[in-house]
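A.B. asks:
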Amino acid sequence: MVVRRVRESAGEAPVGRRPKRAQPADPNQNALDVGADGPARPDPRDQRLQAQRDVLKAALQLPALAGPVYDALPD
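Dropping the structure here:
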């Protein structure tokens, strides 16, 4: 029973049964797509931007710690 449930949750068809039909695409799947009008996303592997990413992570995860100092930074 456990193996069957794991296979079902993983999307595999149970043994001896026909596979489920593919679900229709969600019409709202791209509702938040903002297009490509903005600047290009920087390469996440770029070491020059590591400090900026870490500061943003800290400010978002621990706002009380970053608080006034982060708020005082220029845009």
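First residue of the sequence shown: 1068, per this note's numbering; consecutive thereafter.
Using N, Cα and C, we set each Cβ at its ideal position, and we do this for glycine too.
All of these numbers come straight from a predicted model, not from anything done at the bench.
Note the first and the last residue of the continuous alpha helix (DSSP H) segment covering Asp1121.
C.D. replies: Start at 1 with the first residue of the sequence shown, and residue 1121 comes out as number 54. Where Asp1121 is concerned, the enclosing alpha helix (DSSP H) stretches over Gln1117 to Gln1128.
A.B. asks: If you reduce the DSSP assignment to three classes, tell me which class Leu1132 lands in.
C.D. replies: As a working mapping, residue 1132 is identified with position 65 in the sequence shown. Leu1132 falls in the helix class under three-state DSSP.
A.B. asks: To the nearest angstrom, how far is it from the Cα of Asp1121 to the Cα of Ala1077?
C.D. replies: Start at 1 with the first residue of the sequence shown, and residue 1121 comes out as number 54. Start at 1 with the first residue of the sequence shown, and residue 1077 comes out as number 10. Taking the straight line from one Cα to the other gives about 34 Å.
A.B. asks: Could you compute how far the alpha carbon of Val1070 sits from the alpha carbon of Ala1133?
C.D. replies: Stepping through the sequence shown from its first residue, residue 1070 is reached at position 3. Stepping through the sequence shown from its first residue, residue 1133 is reached at position 66. The alpha-carbon separation between Val1070 and Ala1133 amounts to approximately 47 Å.
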